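K.L.:
Below: one structure in structure tokens.
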Amino acid sequence: MSLTKTVKLIRRQTLTKKMPAYVITYFGVRGRCETMRMLLADQGQEWKENVIPFDIWMKGDLKATCVFGQLPKFEDGDFTLYQSNAILRYLARAHGKRRLRSLYGKDDKQAALTDMMNDSCEDLRLKYARMIYQDYENGKAKYIEDLPGDLSKFEKILSDNKGGFLVGDQISYADYHLLDLLLIHQVLSPGCVDSFPALKSYAERLSARPKIKDFLESEAHKSRPINGNGKQ
9 MSLTKTVKLI
19 RRQTLTKKMP
29 AYVITYFGVR
39 GRCETMRMLL
49 ADQGQEWKEN
59 VIPFDIWMKG
69 DLKATCVFGQ
79 LPKFEDGDFT
89 LYQSNAILRY
99 LARAHGKRRL
109 RSLYGKDDKQ
119 AALTDMMNDS
129 CEDLRLKYAR
139 MIYQDYENGK
149 AKYIEDLPGD
159 LSKFEKILSD
169 NKGGFLVGDQ
179 ISYADYHLLD
189 LLLIHQVLSP
199 GCVDSFPALK
209 SYAERLSARP
219 KIKDFLESEA
229 HKSRPINGNG
239 KQ
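If you count by the numbering used here, then the sequence shown holds residues 9 to 240, one letter each, in order.
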């Protein structure tokens with residue numbers, strides 16, 4: 009066997025080895041973890057869920073052990089990480105290397121653009137969370153009225169970028185974030201993407217990726233409430 013074929017075989021065997029399971033410690037909701045769950049599912053990576061009931065969390069013992077007093081908590085062997093977007097970036101780097109296909113852009117400029125897109129997703133998530141947890145009854149109608157203004161920005165980005173994703177021509181960690189946001193907003197306001205053809209096509213196409221499709225159809229996903237207060 010030639011050296012080239014040997015290297016390819018070793019690489020293929022390395023990639024197909026069962027990767028060790030991660031551990032996600034979080035509440036029994038989608039919340040800030042469904043994006044990373046979608047990423048892991050799409051990348052064929054197993055993980056374990058350590059579900060924390062709200063009454064246990066409110067006792068404060070676990071909270072006191074968390075660096076910033078918050079969940080999610082992510083564990084990769086003896087490595088522990090907090091802050092959901094830091095976890096996403098870690099996973100993007102790790103799985104880009106393992107799959108030889110970057111989830112963080114093809115160069116430094118694309119990586120910076122990917123971070124920018126994810127930060128924009130985070131802006132929308134924070135607006136959504138404030139409405140859900142602080143002003144649902146009085147603020148929902150106004151939020152839905154203003155939503156097209158937020159969605160139009162992503163519509164333009166996808167329309168301008170002919171690669172089919174937020175950055176370049178391959179999926180990045182920011183795409184999983186945007187997909188999660190689009191899915192939960194379609195629950196909040198059914199049909200909200202209908203007037204945005206690029207966004208609608210994008211959400212349908214990503215949701216149809218085989219492993220994401222399986223994840224979205226799984227009982228684990230469907231049984232998890234979107235938010236911790238039951239509002240959606």
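C-beta atoms are modelled at their ideal positions from N, C-alpha and C, and glycine is treated no differently. Computed from a prediction, not measured in an experiment: that's the story for all the values here.
Indicate whether isoleucine 60 and leucine 70 have their beta-carbon atoms separated by less than 9 Å.
P.N.:
For the purposes of this step, residue 60 is identified with residue 52 of the sequence shown, where counting begins at 1. For the purposes of this step, residue 70 is identified with residue 62 of the sequence shown, where counting begins at 1. Cβ distance < 9 Å, so isoleucine 60 and leucine 70 count as in contact.
K.L.:
DSSP state of asparagine 93, grouped into three classes?
P.N.:
Translated into the one-based positions of the sequence shown, residue 93 becomes position 85. Asparagine 93 falls in the helix class under three-state DSSP.
K.L.:
Answer with buried or exposed for alanine 119, where buried requires no fewer than 16 other C-beta atoms within 10 angstroms of its C-beta.
P.N.:
Translated into the one-based positions of the sequence shown, residue 119 becomes position 111. So alanine 119 counts as buried.
K.L.:
Leaving out the 5 sequence neighbours to the left and right, which residues in its chain are closer than 8 Å to glutamine 240 when beta-carbon positions are compared?
P.N.:
Position 232 of the sequence shown holds residue 240. Closer than 8 Å at the Cβ level, and outside the excluded window around glutamine 240, lie Ile140, Ile192, Val195, Leu196, Pro233 and Ile234.
K.L.:
From which residue to which residue does the alpha helix (DSSP H) around asparagine 146 run?
P.N.:
Residue 146 sits at position 138 when you count from the first residue of the sequence shown. Element bounds for asparagine 146: 144-168.
K.L.:
Let me know if isoleucine 32 comes out buried or exposed under the rule of 16 or more other beta-carbons within 10 Å of its beta-carbon.
P.N.:
Residue 32 sits at position 24 when you count from the first residue of the sequence shown. That one is buried.
K.L.:
By Cβ distance below 7 Å, which residues in the same chain neighbour arginine 133 in space, the five residues on each side in sequence not counted?
P.N.:
Sequence index remark: in the sequence shown, residue 133 carries index 125 (1-based). Taken in chain order, the residues that qualify are Leu189.
K.L.:
Only counting runs of 4 or more residues, tell me where the alpha helix (DSSP H) segments fall wholly within the stretch 176-229, in order along the chain.
P.N.:
Runs of the alpha helix (DSSP H) inside the stretch 176-229: 181-196, 205-215 and 218-224.
K.L.:
Go through its chain and collect everything with a Cβ distance to threonine 43's Cβ below 7 Å, but skip five positions before and after it.
P.N.:
Position 35 of the sequence shown holds residue 43. Taken in chain order, the residues that qualify are Leu96, Tyr184, His185 and Asp188.
K.L.:
Which class does lysine 71 belong to by DSSP, given the choice of helix, strand or coil?
P.N.:
As a first step, residue 71 must be located in the sequence shown, where it is residue number 63. The answer is helix: DSSP assigns lysine 71 an H, G or I state.
K.L.:
Aspartate 84 by DSSP, collapsed to three states: which one?
P.N.:
Here residue 84 refers to the residue found at position 76 when the sequence shown is read from its first residue. Three-state DSSP puts aspartate 84 in a strand.
K.L.:
So which of Pro198, Gly176 and Gly157 has the shortest CA-CA distance to leucine 121?
P.N.:
What you label residue 121 is simply residue 113 of the sequence shown in a count that begins at 1. Among Pro198, Gly176 and Gly157, the Cα nearest to that of leucine 121 belongs to Gly176.
K.L.:
Just to confirm my understanding: we take leucine 111, look at its own chain, exclude 5 residues before and 5 after, and list those with CB closer than 6 Å. What are they?
P.N.:
Here the question's residue 111 lines up with position 103 in the sequence shown. Contacts found: Ala100, His103, Gly104, Ser180 and Tyr181.
K.L.:
Assuming serine 231 and leucine 224 are in contact, meaning their beta carbons sit under 8 Å apart, how far apart are those beta carbons, in whole angstroms?
P.N.:
As a first step, residue 231 is located in the sequence shown; it is residue number 223 there, counting from the start. As a first step, residue 224 is located in the sequence shown; it is residue number 216 there, counting from the start. Rounded, the Cβ-Cβ distance is 12 Å, inconsistent with contact.
K.L.:
Is the distance from the Cβ of aspartate 50 to the Cβ of lysine 208 below 9 Å?
P.N.:
Residue 50 sits at position 42 when you count from the first residue of the sequence shown. Residue 208 sits at position 200 when you count from the first residue of the sequence shown. Going by C-beta atoms, aspartate 50 is not nearer than 9 Å to lysine 208.
K.L.:
Going by CA-CA distance only, name the one from Gln91, Asp86 and Glu54 that's closest to cysteine 41.
P.N.:
In the sequence shown, residue 41 corresponds to position 33, counting from 1. Measuring from the Cα of cysteine 41, the nearest candidate turns out to be Gln91.
K.L.:
Is tyrosine 34 closer than 9 Å to aspartate 84 when the C-beta atoms are compared?
P.N.:
Within the sequence shown, the letter at position 76 stands for residue 84. Within the sequence shown, the letter at position 26 stands for residue 34. The answer is no: Cβ separation not under 9 Å.
K.L.:
Between the Cα of phenylalanine 82 and those of Asp115, Trp65, Asp63 and Arg45, spot the shortest distance and give me the residue it belongs to.
P.N.:
Here residue 82 refers to the residue found at position 74 when the sequence shown is read from its first residue. If we check each option's Cα against that of phenylalanine 82, Arg45 comes out closest.
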